[in-house]
Structures are given as C-alpha cells and as structure tokens.
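Residue numbers for the sequence shown follow the working numbering, beginning at 5 and rising by one.
No residue lacks a Cβ here, since even glycine has one placed at the ideal position from N, Cα and C.
All values reported here derive from a predicted model rather than from experimental measurement.
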Amino acid sequence: MLRIAILDDYQDVALSLADWSLLGNDCEIVRFDRNMVSEDDAVRALAGFDVLCLMRERMALPASLISRLPLLKLIVVTGARVRTIDMDAAVACGVTVCHTHAGESTYATPELAWGLILSLARSIPEEDARVHQGGWQRTIGSVIGGKTLGLVGLGKLGSRMVPIAKAFGMNVIAWSENLTEERAAEVGARRVDKETLFRDADVVSLHLILGERSRHIVSRHEIGLMKPGAYLINTSRGPLIEEKALLDALHGGRIKAGLDVFDIEPLPIDHPLRTAPNTVLTPHLGYVTEGAYTAFYRDAVENIAQWRAGNPVRVLAAPNRQENI
C-alpha cells in the first residue's frame, strides 16, 4: 500500500479537482486541512507516508524534517518554483522531488494586486462590512486615474501590472537592480532609481522573488520616502518588507497597505498586523484560483503515476540523477 499525504488542503478541494483513482486501489490518500505548527507535529502526522503532496511553499521541508520521515520516497510540490525544500537532503535520503506546472499565476496574482489597490482606494472591505451590519457610507474614496504606480520588479508578474494601470489612466514607473531603461520602455513603464520610485509613486507594488538580496528591500528608509497616504502592495513574499517599520507607518497613519503575504504563514492569530489600521489583508490568495488548483492536482496525480512506473517527470531532484531537470 502506497500512502499519500496531501498537505495544506485548506479548501477541501484536492480530491475533487483530480482523478486520484487513476493511481490504483493500492494507494491510500489522506488530506490535511491544517498547517503543521511544528516539526514534531509534522513528524507525528507524516512519518507513515511514502509520498507528500505540497501546496506551493505552505510547508517547508528542511533537512531536519526530511531525515525524520523514514518512509518518504517522493515529494510533489505544486508550482514551478520552490525554495523551501532542502533538495540535497532529499537526494541524500533517497527521495525524488517533482513539481507541477505553474498554473494561472501570471494572471491571477496581478489581478489580486489590483483588487487590493481598489479595496484601499474605495474602502471596499470596510463599507461592505458596514452595509452587512445595517449601516451606510462613512468613508470618502480616492481615484487612481492620473496617479503614479511604482513597480518594484518588472518581470513576468510585474509587467502584467502595466497595461492594467494604463487602462486606469495611471503613469507607471519601475525599478529593480537589473532593470534597464530599454526593458522598462518595452512594457510601457519608465525606469527610475529606487529612491525616486518610493518618493514619487502613489502606489508601490512589489513583484520580486525573495532572496538574500531582496529581503527587507523595503526598509524603514524606503517607507519613510513614501508620500503621506500612499499605498504599499505586496503579493510576492512577506519578508520583502521590514515588518516593524511597516507597522509603525500604519499606526502613524502615514501610508496604507494591501498585503497578501506575510513573514509567517498562516498569520498567527495574535499577530499585530491583524489589528493594524489602514490595511486590507488577504490570506495568500494570489495563486489560489480554480484553474490553477485543477492544473496543480492533475499534474500531481500524473507525477505520482509516472514515478511509480519508473519514469518520473518534471523532476527537480532525484537520487539517481546527476543534475536537475
């Protein structure tokens, strides 16, 4: 019997979005709807499984955890990029790691970023709650037409923000360490230096990969440069922003923030961001769409079937391979 664990299935949809019966009657599939709160918790829950199916980076698999899962033979991670699995440790323990296709994030994440921007501009969550509670309007909104959008990162996702901003009548400026004037102009933005972006933008939206160079790329200094009342949008990774500096600016009423990502996820129940003013918060919904999930779980089933047949596909790391594919 092959035991398969589907992790972090918060919405209880994994089993309905793919045909897991294709794997045969000799497979036991168990889904988990909660995040593992500690490594010991994970070991107690997962030590008896041969296959782990991860939802993106919701659960990390460091060497210390992999080494405590003696039956583990295959890890399937949804999405095309992952930084939370110790690949060397997996290979050393005889574990193959496969990924799925990326899904719809090229469209889904920028669309959510615009949802956060519009929610801040027109106080949509607050006014929605007020109407449901029997009240009526209390806020005064702002338009974004004619304002300036500053994009920190102009890659696949950042560049999708540009035509939408233009449709709203916004000016678009952009910065990243390796961005050229030619690349910015190619997608309809104007390259500026980092300080100019934070000083001039009415909306700053982050679209960078998290790494050592980008951690806290928005520090107290950059937040201090922002216009009073400007919006800071983060649909990439929480640690791109220095959290304490952000909290101070929010409580001081200097800026507003639309956040889909956080330093710790799920966000702890007592985290100060949960009660911070001037925010719209969503629980890492950027890639969470029906189309993406369907692609993820269908690929996961195929990955397991192909691995069992001795022909693993979409391999990130494997004990018998000299290099990753």
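Whole angstroms is fine: what's the gap from Cys57's alpha carbon to Leu153's?
In the sequence shown, counting from the first residue as 1, residue 57 sits at position 53. In the sequence shown, counting from the first residue as 1, residue 153 sits at position 149. Distance between the alpha carbons of Cys57 and Leu153 is about 38 Å.
Quick one: Cα of Val99 to Cα of Ile273, how far?
For this step, residue 99 is matched to residue 95 along the sequence shown. For this step, residue 273 is matched to residue 269 along the sequence shown. The alpha-carbon atoms of Val99 and Ile273 are separated by roughly 34 Å.
Per-residue burial, Val41 [other beta carbons within 10 Å of its own, 16 or more giving buried]:
The residue labelled residue 41 in the question sits at position 37 within the sequence shown. It is exposed - the Cβ of Val41 has fewer than 16 other Cβ atoms within 10 Å.
Classify Lys198 as helix, strand or coil using the three-state DSSP reduction.
Here residue 198 is taken as the residue at index 194 of the sequence shown, counted from 1. Three-state result, Lys198: helix.
Measure from the C-beta of Leu263 to each C-beta in chain C and report whether the shortest distance is under 8 Å.
The chain labelled as chain C is not found in the depicted structure, where only one protein chain is given.
Residue span of the alpha helix (DSSP H) that contains Ser123, given as start and end:
On the sequence shown, position 119 is the one that residue 123 refers to. If you look at Ser123, you'll find it in the alpha helix (DSSP H) that goes Ser109 to Arg126.
Shortest alpha-carbon distance to Asp244 belongs to which of Leu251, Leu229 and Arg219?
Counting from 1 along the sequence shown, the entry for residue 244 is found at position 240. Inspection of the sequence shows that residue 244 is occupied by Leu rather than by Asp. When C-alpha distances from Leu244 are compared across Leu251, Leu229 and Arg219, the shortest belongs to Arg219.
So which of Phe300, Asp90 and Asn182 has the shortest CA-CA distance to Gly107?
Taking the first residue of the sequence shown as position 1, residue 107 is located at position 103. Its Cα nearest to that of Gly107, the residue Phe300 stands out among Phe300, Asp90 and Asn182.
Reduced DSSP category for Ala261 - H, G, I as helix; E, B as strand; rest coil:
Locating residue 261 in the sequence shown gives position 257, counting from the first residue. Here Ala261 sits in strand by DSSP.
Between the Cα of Arg87 and the Cα atoms of Gly295, Arg72, Ala249 and Arg241, which residue gives the shortest distance?
Taking the first residue of the sequence shown as 1, we reach residue 87 at position 83. Considering only alpha carbons, the answer is Arg241.
Out of Arg224, Arg38 and Leu210, state which residue places its alpha-carbon closest to the alpha-carbon of Ala117.
Along the sequence shown, one-based indexing puts residue 117 at 113. For the residues Arg224, Arg38 and Leu210, the minimum Cα distance to Ala117 belongs to Leu210.
Would you say Ala359 and Ala304 are within 8 Å of each other, going by their C-beta atoms?
The chain is shown from 5 up to 329; residue 359 falls before or after that span and cannot be answered.
Mind checking who Val86 pairs with in its DSSP beta bridge?
Taking the first residue of the sequence shown as position 1, residue 86 is located at position 82. None, per the DSSP bridge assignment.
Whole-angstrom C-beta distance between Pro66 and Asp90, which should lie under 8 Å
As a first step, residue 90 is located in the sequence shown; it is residue number 86 there, counting from the start. As a first step, residue 66 is located in the sequence shown; it is residue number 62 there, counting from the start. Yes, Asp90 and Pro66 are in contact; Cβ-Cβ is about 5 Å, under 8 Å.
Check whether the Cβ atoms of Leu161 and Ser180 lie closer than 8 Å to each other.
For this step, residue 161 is matched to residue 157 along the sequence shown. For this step, residue 180 is matched to residue 176 along the sequence shown. Not closer than 8 Å, so no.
Quick one: measure Cβ to Cβ for Asn282 and Lys260, integer angstroms, because I've assumed they're closer than 8 Å.
By one-based count along the sequence shown, residue 282 stands at place 278. By one-based count along the sequence shown, residue 260 stands at place 256. The C-beta separation of Asn282 from Lys260 comes to about 4 Å, placing the pair in contact by the 8 Å criterion.
Return the residue from the list Val147, Ala189 and Phe53 that minimises the CA-CA distance to Ser163.
Translated into the one-based positions of the sequence shown, residue 163 becomes position 159. Nearest of Val147, Ala189 and Phe53 to Ser163, Cα basis: Ala189.
In whole angstroms, what separates the C-alpha of Phe172 from that of Val196?
Within the sequence shown, numbered from 1, the residue matching residue 172 stands at position 168. Within the sequence shown, numbered from 1, the residue matching residue 196 stands at position 192. Taking the straight line joining both Cα atoms gives about 21 Å.
So if DSSP puts Val34 in a beta bridge, which residue, or which two residues, is it bridged to?
Locating residue 34 in the sequence shown gives position 30, where the first residue counts as 1. Val34 has Ala9 as its beta-bridge partners, per DSSP.
Closest to Leu75 by C-alpha separation, out of Met63, Val55 and Ser68, would be which residue?
If you number the sequence shown from 1, residue 75 lands on position 71. Ranking the options by Cα distance to Leu75, first place goes to Val55.
If we ignore side chains and look at the alpha-carbon of each, how far apart do Val4 and Asp264 end up?
The question about residue 4 has no answer here: the residues shown for the chain are numbered 5 through 329.
Under three-state DSSP, which class holds Leu27?
As a first step, residue 27 must be located in the sequence shown, where it is residue number 23. Three-state DSSP puts Leu27 in a helix.
Local conformation of Gly154 per DSSP, three classes
Position 150 of the sequence shown holds residue 154. In this structure, Gly154 counts as strand in the three-state DSSP scheme.
Chain-order list of residues whose beta-carbon lies under 6 Å from that of Phe202 (same chain, five-residue window excluded):
As a position in the sequence shown, residue 202 is number 198, starting the count at 1. Once the five neighbours on either side are set aside, the close Cβ partners of Phe202 are Glu226, Leu229 and Met230.
Looking only at its chain, what residues have a beta carbon closer than 6 Å to the beta carbon of Ala93, apart from the 5 residues adjacent to it on each side?
On the sequence shown, position 89 is the one that residue 93 refers to. These residues qualify, in order along the chain: Ala67 and Ile70.
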